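Chemist: The following block contains the structure, expressed as structure tokens.
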Amino acid sequence: MIGSLDLNQKEVVIVGAGISGLLIGYHLKKLGFKITIHEASGRTGGLIETTVTPYGLVEKAAHSLLVGEELKRFLTELNIELLPVNEDSKARFILRGKKMRRMPLSFFEIIQTLIHFFSKPSNPIDLNSASLQEWGKTYLGAAPTEYLLGPFVSGVFACTPAELNTAISFPKLLPNDPKQSLFRFLRSKKSAKKSRTQMMVPRDGMQSLVTSLSEALKDDIILHSSIQSLSELKSPNIILTTPTQSLASLIESADPVSANLLRAVSYSPLVTVTVHYHRSHFRKAPPSGVGVLIPRNEGFRILGVLFNSSAFNNRVQSKDYVSMTVMLGGTTDPEALQLTDSAVQAIINDELERLIGTTQNLTHLCRTNWSHAIPIYSLALAQAQKSLKEGFCSKPGLVVFNNYSKDVSIRGMIETLIKD
Ligand SMILES: Cc1cc2nc3c(=O)[nH]c(=O)nc-3n(C[C@H](O)[C@H](O)[C@H](O)COP(=O)(O)OP(=O)(O)OC[C@H]3O[C@@H](n4cnc5c(N)ncnc54)[C@H](O)[C@@H]3O)c2cc1C
0 MIGSLDLNQK EVVIVGAGIS GLLIGYHLKK LGFKITIHEA SGRTGGLIET TVTPYGLVEK
60 AAHSLLVGEE LKRFLTELNI ELLPVNEDSK ARFILRGKKM RRMPLSFFEI IQTLIHFFSK
120 PSNPIDLNSA SLQEWGKTYL GAAPTEYLLG PFVSGVFACT PAELNTAISF PKLLPNDPKQ
180 SLFRFLRSKK SAKKSRTQMM VPRDGMQSLV TSLSEALKDD IILHSSIQSL SELKSPNIIL
240 TTPTQSLASL IESADPVSAN LLRAVSYSPL VTVTVHYHRS HFRKAPPSGV GVLIPRNEGF
300 RILGVLFNSS AFNNRVQSKD YVSMTVMLGG TTDPEALQLT DSAVQAIIND ELERLIGTTQ
360 NLTHLCRTNW SHAIPIYSLA LAQAQKSLKE GFCSKPGLVV FNNYSKDVSI RGMIETLIKD
């Protein structure tokens with residue numbers, strides 16, 4: 000969250016009924032605020048949408064949450080039934096040398112990683128401006144940066160570690176003193192109480208979270224209400240939850256400097272394709288695990304695959320089918336958005352056959368193109384956040400809260416609300 004509310008006034012107007020607008024609206028309503036939410040489109044949820052096909056659930060955007068105790072309580076209160084990862088499907092893989100591996104580093108590379116981890120950095124980095132790539136090479140070494148950080152970042156942000164600013168994307172990884180080893184830094188933080196988190200999905204898909212929040216706010220949401228200027232809003236507290244371009248237009252006259260910086264923030268482009276295969280259409284047993292991430296130098300166009308029906312129950316209508324979500328595109332392959340459906344299908348047929356032994360018989364495919372999927376937590380975003388804090392949001396009553404104000408994940412957004 001950037002900025003603070005005027006707590007003497009228990010009235011708030013929120014722009015945007017994506018998950019961030021709904022979450023903050025719900026939270027403030029519980030605290031006794033009178034809420035009004037303006038949503039430009041005819042539905043709530045923004046990017047999030049679950050559809051039920053004859054084969055199983057299809058998530059358009061977010062599919063899972065990292066759930067700790069506080070988040071579990073929050074979701075239980077909303078009557079969201081959560082499913083954990085199936086006991087026998089907890090493995091997460093990274094492809095290296097054409098093989099899906101739980102540990103993609105060699106013995107020698109693990110030793111080198113440990114040496115980096117325990118040593119003071121020989122070339123300390125600038126803590127404010129360092130990219131995650133620089134952080135990785137400094138504190139872990141080249142191999143884990145390429146084979147662990149790279150795929151992980153591509154799985155979350157659909158970009159590369161070089162594009163992320165460490166201070167805002169993973170602030171907890173940043174030592175206070177650049178000359179400290181990562182080991183010493185993490186040991187000094189150990190005393191802080193951490194709650195254990197686990198990957199979970201709402202039983203009936205992410206839509207159930209949207210539906211539940213929308214139901215709790217049903218008298219407070221105005222659909223088809225696109226706000227073009229802040230002067231339309233008469234309230235002591237205004238919370239803006241829209242994507243960067245829309246926020247830039249809204250604050251243009253109040254804070255042109257932040258508006259310009261927001262326009263320079265980029266988003267990763269992404270194609271997500273949920274596919275269903277009949278079980279008989281695998282040359283060997285369907286894969287078991289959470290999914291696989293694929294480093295860019297492995298000769299695949301696919302960025303990663305989530306093994307939906309292996310990892311979670313209630314993802315397919317019948318046990319005869321296997322559901323997986325394939326990700327293509329990202330900042331390294333923006334052209335993927337222009338591929339025709341049959342070209343996407345051809346890539347999936349070819350690459351899943353090589354990866355997990357599917358035959359060509361894809362039963363069902365559901366594709367979503369995202370030109371602006373995930374905000375990139377870059378130096379440009381760090382500058383925009385700082386400018387908003389010192390400019391538009393410096394007065395109590397003007398707040399920005401969304402997936403680029405602090406944390407890209409829904410878990411992060413909920414935790415921010417609970418803690419702030
Ligand atoms: C493919 C994909 C997979 C993902 N997977 C995960 C995951 O597994 N877990 C996770 O935690 N996160 C995940 N995410 C991220 C998560 O889905 C998003 O961060 C989150 O949904 C963004 O919500 P939001 O409310 O900030 O923005 P949006 O969903 O973009 O909502 C903004 C809303 O504002 C409205 N709006 C815009 N301008 C105006 C205006 N002028 N007036 C009124 N209304 C306006 C829009 O219509 C929209 O409804 C994923 C994202 C993608 C794309």
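So for the sequence shown, numbering that gives the first Met the number 0 puts the first residue at 0; every next one is plus one.
We treat Cβ as the ideally placed atom computed from N, Cα and C, and that holds for glycine.
The structure displayed is predicted, hence computed values, not measured ones.
1. Taking the continuous alpha helix (DSSP H) assigned at residue 166, which residues delimit it?
2. In whole angstroms, what separates the C-alpha of residue 167 from that of residue 73?
3. Would residue 80 be called buried (16 or more neighbouring beta carbons within 10 Å of its own) or exposed?
4. To the nearest angstrom, how far is the alpha carbon of residue 61 from that of residue 132?
5. At the level of alpha carbons, what is the spacing between residue 82 and residue 68?
6. For residue 139 versus residue 126, is the C-beta spacing smaller than 9 Å?
7. Tell me whether residue 26 counts as near ligand 1, meaning its Cβ is closer than 8 Å to at least one heavy atom of that ligand.
8. According to DSSP, residue 197 sits in a beta bridge with which residue or residues?
9. Look at the alpha carbon of residue 251 and the alpha carbon of residue 368, and state the distance between them as a whole number of angstroms.
10. Determine which residues share a DSSP beta bridge with residue 326 and list them.
11. Just the C-alpha distance for residue 310 and residue 362, rounded to the nearest angstrom, thanks.
12. Are there any heavy atoms of ligand 1 lying less than 8 Å away from the beta-carbon of residue 326, as far as the coordinates show?
13. Give me the residue from 388, 244, 314 and 121 with the minimum Cα distance to residue 56.
14. Answer yes if the segment 345-357 comes into contact with the segment 282-302, meaning at least three C-beta pairs across the two stretches below 8 Å, and no otherwise.
15. Can you tell me which residues form a DSSP beta bridge with residue 438?
16. DSSP has residue 95 in a bridge; who is on the other side?
17. With distances taken Cα to Cα, identify the nearest neighbour of residue 381 among 19, 128 and 11.
18. With respect to the beta strand (DSSP E) encompassing residue 84, which residues constitute its N-terminal and C-terminal limits?
19. Rank 164, 394 and 229 by C-alpha distance to the C-alpha of residue 12 and give the top, closest one.
20. For residue 41, which option in 187, 109 and 224 has the closest C-alpha, if you only look at C-alpha atoms?
21. Look at the Cβ atom of residue 91, then the Cβ atom of residue 292, and state whether they are nearer than 9 Å.
22. Spatial neighbours of residue 63 within its chain, please: CB distance less than 7 Å, with the 5 preceding and 5 following residues excluded, ordered by chain position.
23. Out of 218, 364 and 177, state which residue places its alpha-carbon closest to the alpha-carbon of residue 342.
24. Just how far apart, CA to CA, sit residue 44 and residue 259?
25. Any chance the CB of residue 227 is under 8 Å from a heavy atom of ligand 2?
26. Starting from residue 368, follow its DSSP beta bridges and name the residues at the other end.
27. Relative to ligand 1, is the shortest distance from any of its heavy atoms to the C-beta of residue 367 smaller than 8 Å?
28. Using the rule of at least 16 other Cβ atoms within 10 Å of the residue's Cβ for burial, across every protein chain shown, is residue 284 buried or exposed?
29. Can you tell which of 8, 2, 31 and 36 has the C-alpha that lies nearest to the C-alpha of residue 15?
30. Leaving out five residues on either side along the sequence, give the residues of the same chain with a beta carbon under 7 Å from the beta carbon of residue 209.
31. What does a CB cutoff of less than 7 Å around residue 234 pick up in its chain, not counting 5 residues either side in sequence?
32. At the level of alpha carbons, what is the spacing between residue 375 and residue 410?
33. My output table needs one value for residue 281: the three-state DSSP class, helix, strand or coil.
34. Any heavy atom of ligand 1 closer than 8 Å to the CB of residue 59?
35. Suppose you measure from the CA of residue 460 to the CA of residue 216; what does that come to, to the nearest Å?
36. Should residue 259 be listed as close to ligand 1, given that the test is whether its C-beta is under 8 Å from any heavy atom?
Modeler: The relevant details are as follows:
1. 165-168
2. 25 Å
3. exposed
4. 25 Å
5. 14 Å
6. no
7. no
8. 66
9. 29 Å
10. 271 and 303
11. 20 Å
12. yes
13. 314
14. yes
15. Absent from the structure is residue 438, since the part of the chain shown begins at 0 and ends at 419.
16. 98
17. 128
18. Neither: residue 84 is in no beta strand (DSSP E) and is coded neither H nor E.
19. 229
20. 224
21. yes
22. 198, 199 and 200
23. 364
24. 27 Å
25. Ligand 2 is absent from the structure shown, which contains only ligand 1.
26. 270
27. yes
28. exposed
29. 36
30. 18, 21, 43, 44 and 47
31. 10, 11 and 12
32. 18 Å
33. strand
34. yes
35. Lying outside 0 to 419, the shown extent of the chain, residue 460 is not represented and no answer is given.
36. no
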